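Novice: Numbering (our numbering), first residue to last: 136 to 991.
Below is one structure. I have some questions about it.
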Amino acid sequence: MDEELGIRKAPPPQAPTEELNAAHLRLITDKLAKKNDDLALVNGRLSALIETLSTGPDPILLGEATSKAARLIIGAVYAGIRTSDAIRPGTAHFWYSGLDPEEAAKLAKASPWDGVIGEIIEKQTSRRIRNPNGDPTALGLTAAHPPVTSFIGVPIVSRGRAYGCLFASNKLGGEEFSDEDERLATLLAGHFATAYENSCLYVEASLHAKELEQENARRRRAEEEMHASQDRIRLILDSTVEAIYGLDLDGNCTFCNRACVRLLGYEDHADLVGKHLHSLIHHTRADGSAYAVEDCNIYKAYLKGQPVYANDEVLWRADGTSFPVEYWSHPIISQGSVVGCVVSFLDVTEHKRLEEKFRQSQKMEAVGQLAGGIAHDFNNLLTVIIGYSKLQLADATPQDPSYHRLQEIQNAAERAADLTGQLLAFSRKQVLQPRVINLGDTLRNMDQMIRRLIGEHIVVLTTVDDRLGQVKIDPIQVQQVVLNLVVNARDAMPHGGKLTIDVITQEIDEASGRLHNIPAGKYVMVSVSDNGHGMTPEVRRRVFEPFFTTKEVGLGTGLGLATVHGIVQQSGGHICVYSEPEMGTTFKILFPMVDEPVPEPQRALPAPRNYKMIRQPRTILVVEDDPNLRDLAQEVLTSAGYHVLSAENGKQAFRIAEEHAGPVALLLTDVVLPELGGKEIARRLTLLRPDIRVLFMSGYSGNAISRSGTLDPAVDFIQKPWTPDALCEKIRAVLETRSSIQRILVVDDEAGIRNWLAEILEAAGYRVFLAQNGHEGRALAQVHSVDLVITDLVMPDVEGLEMIRAIRKDHRDLKIIAMSGMFGPSVLRAAEILGAHTALTKPLTAETVLDSIRSL
136 MDEELGIRKA PPPQAPTEEL NAAHLRLITD KLAKKNDDLA LVNGRLSALI ETLSTGPDPI
196 LLGEATSKAA RLIIGAVYAG IRTSDAIRPG TAHFWYSGLD PEEAAKLAKA SPWDGVIGEI
256 IEKQTSRRIR NPNGDPTALG LTAAHPPVTS FIGVPIVSRG RAYGCLFASN KLGGEEFSDE
316 DERLATLLAG HFATAYENSC LYVEASLHAK ELEQENARRR RAEEEMHASQ DRIRLILDST
376 VEAIYGLDLD GNCTFCNRAC VRLLGYEDHA DLVGKHLHSL IHHTRADGSA YAVEDCNIYK
436 AYLKGQPVYA NDEVLWRADG TSFPVEYWSH PIISQGSVVG CVVSFLDVTE HKRLEEKFRQ
496 SQKMEAVGQL AGGIAHDFNN LLTVIIGYSK LQLADATPQD PSYHRLQEIQ NAAERAADLT
556 GQLLAFSRKQ VLQPRVINLG DTLRNMDQMI RRLIGEHIVV LTTVDDRLGQ VKIDPIQVQQ
616 VVLNLVVNAR DAMPHGGKLT IDVITQEIDE ASGRLHNIPA GKYVMVSVSD NGHGMTPEVR
676 RRVFEPFFTT KEVGLGTGLG LATVHGIVQQ SGGHICVYSE PEMGTTFKIL FPMVDEPVPE
736 PQRALPAPRN YKMIRQPRTI LVVEDDPNLR DLAQEVLTSA GYHVLSAENG KQAFRIAEEH
796 AGPVALLLTD VVLPELGGKE IARRLTLLRP DIRVLFMSGY SGNAISRSGT LDPAVDFIQK
856 PWTPDALCEK IRAVLETRSS IQRILVVDDE AGIRNWLAEI LEAAGYRVFL AQNGHEGRAL
916 AQVHSVDLVI TDLVMPDVEG LEMIRAIRKD HRDLKIIAMS GMFGPSVLRA AEILGAHTAL
976 TKPLTAETVL DSIRSL
């Protein structure tokens with residue numbers, strides 16, 4: 136049929152030759168070898184990428200490695216990865232392989248959601264696109280994108296979450312990407328997704344860990360600052376003297392400071408924190424009555440929401456004892472509500488003691504003022520009684536019927552005088568006549584007197600320190616102090632016992648001085664101890680009160696220890712008492728030591744047997760405002776042979792002194808006078824009559840003579856009540872021991888020193904002339920017949936040494952005292968060689984000047 140139709144038959148296929156088969160096999164083998172090489176290369180690149188993805192925690196390194204591997208494995212001109220910020224804001228990345236850095240930087244600015252890449256990420260689908268014209272905008276990419284002729288993109292997804300897109304552009308060796316390329320791209324995207332997710336989680340965990348570490352560091356710093364602040368607060372609280380504690384609304388302690396623990400007698404804060412403090416420390420009042428919590432002032436701070444203060448309550452210690460406190464309770468307010476209170480308190484035991492001591496001292500002072508005034512008035516009356524009874528006794532004989540009555544009057548008046556003397560001693564208004572003594576010698580001289588006073592049923596032990604220093608006190612008054620204490624000890628041991636008297640040197644340091652309110656320094660201490668019945672605290676507190684006594688009626692006046700206290704205080708000393716019931720009593724008296732030698736005893740003038748034996752035709756001016764006393768003094772002195780002028784005040788005294796033609800040998804004046812005091816009268820009369828001597832008298836010293844309670848050694852004084860004999864003897868002594876130095880010239884260019892010397896010398900009864908330089912001093916020495924020159928060694932015109940030489944040349948017998956605060960011993964010695972009797976170093980004291988004058 137084929138033939139019929141004209142169709143040629145195809146020639147039958149030739150049988151394959153051996154050579155053809157070999158060539159075909161080689162071709163297939165080469166292709167397979169190339170395929171194997173390509174597959175090995177891909178596998179190698181995949182293995183390297185997988186190793187990188189499994190070990191690299193840094194997402195940036197992962198993106199760079201994967202984009203590079205994708206370009207090589209898929210075979211594209213360039214490849215890239217875009218990730219979104221789905222994990223956290225600001226984490227979108229763009230990695231490119233095959234582009235130069237400038238092109239990559241431009242593309243990185245584009246949004247990951249633009250065009251086909253955004254579609255792949257959003258829909259989580261793969262896309263392969265052939266774009267022959269290469270326009271990138273056709274794919275929704277930015278115009279800055281390089282030409283794209285072919286495109287493949289796959290989503291980067293892990294566990295259903297899209298992280299971005301892996302894509303490649305411009306297939307090498309072809310016009311478009313194949314299924315195999317898509318499979319490889321999907322494989323690469325899957326590996327990258329897992330690694331990227333893990334990397335992001337690692338970064339996220341690292342960031343979180345870092346944040347946690349920073350938060351922990353911040354918390355640690357905050358805790359450290361809080362602990363430091365708490366430590367500072369605790370340190371401040373524990374450093375305060377005030378005790379402080381806090382309470383919650385239930386009254387339980389929330390905190391307390393060290394002072395609170397210490398004052399309440401506990402060991403540690405834990406003993407108080409958490410405890411109901413009212414039940415623990417504030418449950419009972421000072422009088423022992425129960426103190427209900429609802430009545431407590433501290434808890435009123437809760438109710439009122441205002442601070443509460445109290446100073447009349449007590450707190451109770453752990454040992455069951457109480458102490459007075461002053462406290463403040465302040466509410467703690469948080470967000471407008473009271474949540475507790477803070478309490479601060481002080482132990483005011485010492486404050487209460489000082490208040491009581493102050494009240495006691497005020498009371499003693501008031502009683503002292505009263506006692507001193509009464510004693511002064513009584514002394515005036517007693518002087519009249521004693522004086523006139525003495526006069527009557529002098530005119531009577533023992534056979535007269537009135538003689539014994541007068542003696543009884545005399546004895547009663549003298550006992551009354553002793554009583555007023557005790558009142559004056561207590562009130563510290565008696566005039567002391569202190570001098571430097573060795574207190575040990577005084578006590579030794581009293582030994583026999585003390586033994587006779589206490590009796591044989593009491594053993595006396597006396598100890599005196601051989602190295603005892605000197606004190607400056609009135610020896611008569613200190614004997615009175617010791618005797619009063621001895622009598623008090625004797626009465627405390629009615630059935631016998633032991634009396635111990637110790638005299639030792641005692642040094643008080645600053646700490647002990649502050650504790651006992653005694654100035655630091657060296658003292659001589661007299662201790663008088665007994666083992667008698669002792670005293671209760673109440674008796675001990677009142678022991679120095681006047682008229683307070685525990686003895687039976689008629690056995691004591693209550694003035695003995697008050698007198699001791701007054702004398703010691705007036706003498707500049709200090710007295711303490713230590714006593715317990717049935718444990719005895721110890722009185723300790725401290726007198727300040729002085730660095731002065733004990734003076735040689737002065738020869739006493741022979742006392743007259745009777746005041747009427749004194750017959751000296753001398754005139755005495757008596758100034759006394761009490762008319763009875765004035766008349767008595769006039770009668771006594773007239774009977775003794777004196778011519779007496781009398782005045783009741785200073786005005787009359789000046790008029791009499793001016794009108795009287797003859798000399799006035801002595802001024803006898805009361806210290807306390809109306810309008811013008813005795814000292815001022817004496818000063819003015821001394822100026823008017825330089826040769827007049829002055830004798831003061833008083834029931835007590837209330838003026839400048841004894842402002843500190845002591846009598847200037849240069850002033851003569853007689854204590855009221857005096858007897859006619861005592862008055863005449865004192866006047867005789869004053870007149871017969873008259874100093875040869877009456878008129879003194881003071882030469883010093885310093886006005887302050889001149890005036891000061893003039894004041895103390897005139898008060899001592901001297902007539903004083905003043906010169907402000909050497910020339911004036913020499914002129915005054917020529918004009919006035921002076922007995923003594925006191926001159927400075929440093930003056931502007933004529934040096935003191937030159938003046939001494941000139942005065943000694945003109946007045947061979949004139950006494951000279953040199954003084955200087957500038958030159959040392961050598962110049963002062965030169966002054967003595969030139970003729971000065973004494974050389975004194977400034978600064979001077981009144982006592983030094985007066986002692987130097989008396990020594991001449």
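Note that the Cβ used here is the ideal one computed from N, Cα and C, for glycine as well.
Small disclaimer: the values here were computed from a predicted structure and weren't measured.
Rounded to the nearest angstrom, what separates D482 and R397 at their Cα positions?
Specialist: Computed Cα separation, rounded: 11 angstroms.
Novice: Whole angstroms is fine: what's the gap from I827's alpha carbon to Q787's?
Specialist: Near 17 angstroms, if we compare the C-alpha coordinates of Q787 and I827.
Novice: Look up E885 in the DSSP assignment and say whether it is helix, strand or coil.
Specialist: DSSP places E885 in coil when its eight states are reduced to three.
Novice: Strictly by DSSP, which residues pair up with V729?
Specialist: In DSSP, V729 forms a bridge with Q605.
Novice: So, for R586: in the same chain, excluding its five sequence neighbours on each side, which residues have a beta-carbon less than 8 angstroms away from its beta-carbon?
Specialist: So the list reads V595, once near-sequence residues are dropped.
Novice: Quick one, which of E810, L780 and G812 has its alpha-carbon nearest P798's?
Specialist: Closest by alpha carbon: L780.
Novice: Name, in chain order, the residues that DSSP records as bridge partners for V904.
Specialist: The sequence shown places Phe at residue 904, not Val. Note: F904 sits in a beta bridge opposite L880.
Novice: How long is the line joining the alpha carbons of V699 and A981, rounded to whole angstroms?
Specialist: V699 and A981: Cα-Cα distance of roughly 29 angstroms.
Novice: Taking the alpha-carbon of A214 as reference, which of Q545, A531 and N305 has the nearest alpha-carbon?
Specialist: Here the closest residue by C-alpha is N305.
Novice: With a threshold of 8 angstroms, are at least 3 pairs of Cβ atoms found where one atom belongs to the region 795-811 and the other to the region 710-722?
Specialist: With a cut-off of 8 angstroms, the region 710-722 and the region 795-811 do not count as touching, because too few Cβ pairs lie within range.
Novice: What whole-angstrom Cβ distance do G900 and M930 have, given they're in contact under 8 angstroms?
Specialist: Not quite, the Cβ-Cβ distance comes to about 28 angstroms (not below 8 angstroms), so this is no contact.
Novice: Closest to L399 by C-alpha separation, out of L823, R265 and I416, would be which residue?
Specialist: Selected option, being the one with the closest Cα: I416.
Novice: If you draw a straight line from the C-alpha of D235 to the C-alpha of A357, how long is it?
Specialist: Computed Cα separation, rounded: 51 angstroms.
Novice: Given a cut-off of 9 angstroms on the beta-carbon distance, is the pair M670 and V712 in contact?
Specialist: Yes, they are a contact pair.
Novice: Determine the DSSP secondary structure at N432, reduced to helix, strand or coil.
Specialist: Helix at N432.
Novice: In the DSSP assignment, find the unbroken beta strand (DSSP E) run with T773 in it and report its ends.
Specialist: Where T773 is concerned, there is no enclosing beta strand (DSSP E), although the alpha helix (DSSP H) it sits in stretches over P762 to S774.
Novice: Less than 9 angstroms separating the beta-carbons of N890 and L870?
Specialist: Not in contact: N890 and L870 (Cβ atoms no closer than 9 angstroms).
Novice: Using three-state DSSP, classify Y746 as helix, strand or coil.
Specialist: Confidence in Y746 is poor, its pLDDT being 42 and thus under 50, which makes the residue's placement unreliable; the coordinate value appears in the next sentence. It is helical.
Novice: Quick check on the DSSP output: what are the complete beta strand (DSSP E) runs of length 3 or more inside the region 390-469, in order along the chain?
Specialist: Within the region 390-469, the complete beta strand (DSSP E) runs of at least 3 residues are 443-451 and 457-469.
Novice: Report the rounded CA-to-CA distance for I643 versus R676, giving the unit in angstroms.
Specialist: Rounded to the nearest angstrom, the two C-alpha atoms are 24 angstroms apart.
Novice: Sorted by chain position, which residues of the same chain lie with C-beta nearer than 6 angstroms to T277's C-beta, five sequence neighbours on each side aside?
Specialist: Cβ neighbours of T277 beyond the five flanking positions: A245.
Novice: Have a look at the DSSP bridge pairing and note the partners of N387.
Specialist: Beta-bridge pairing links N387 to H411.
Novice: Where does F789 fall in DSSP's three states?
Specialist: Helix at F789.
Novice: Between the Cα of H228 and those of L242, A941 and S293, spot the shortest distance and give me the residue it belongs to.
Specialist: Checked all of L242, A941 and S293; the closest Cα to H228 is L242.
Novice: Which residues in the same chain have their Cβ closer than 8 angstroms to the Cβ of V376, if we skip the five residues on either side of it in sequence?
Specialist: A394 and L481, listed in sequence order.
Novice: Is the separation between the beta-carbon of L372 and that of C388 shorter than 9 angstroms?
Specialist: No; because the gap between Cβ atoms is not below 9 angstroms, this pair is not in contact.
Novice: From the DSSP secondary-structure annotation, give me the bridge partner or partners of S472.
Specialist: In DSSP, S472 forms a bridge with S469.
Novice: Determine the closest residue to K800 out of E257, Q527, A817 and N266, with distance taken between C-alpha atoms.
Specialist: Reading the sequence as shown, one finds Ala at residue 800 and not Lys. Closest option to A800, Cα to Cα, is A817.
Novice: Is G575 helix, strand or coil when you go by DSSP?
Specialist: Helix, per DSSP.
Novice: Using CA atoms only, rank isn't needed, just tell me which of G785, L767, F789 and T821 is closest to P859.
Specialist: Minimum Cα distance to P859 is reached at L767.
Novice: Select from E864, R420, G233 and G707 the residue whose C-alpha is nearest the C-alpha of V771.
Specialist: Taking only the C-alpha atoms, the option nearest V771 is E864.
Novice: Return the CA-CA distance between R750 and H778, expressed in angstroms with no decimal places.
Specialist: Bear in mind that the predicted position of R750 carries a pLDDT of just 42, short of 50, making it unreliable; the figure below should be weighed with that in mind. Cα to Cα, the separation comes out at about 10 angstroms.
Novice: Among E783, G776, S774 and V478, which has the Cα closest to the Cα of V758?
Specialist: Here the closest residue by C-alpha is E783.
Novice: Looking at the structure shown, is F312 part of a helix, part of a strand, or coil, going by DSSP?
Specialist: F312 falls in the coil class under three-state DSSP.
Novice: Hey, which unbroken runs of the alpha helix (DSSP H) at 4 residues or more fall wholly within the region 244-286?
Specialist: Those alpha helix (DSSP H) runs which fall completely within the region 244-286 and span 4+ residues are 250-258.
Novice: What are the boundary residues of the alpha helix (DSSP H) that includes A868?
Specialist: Its alpha helix (DSSP H) spans residues P859 to E871.
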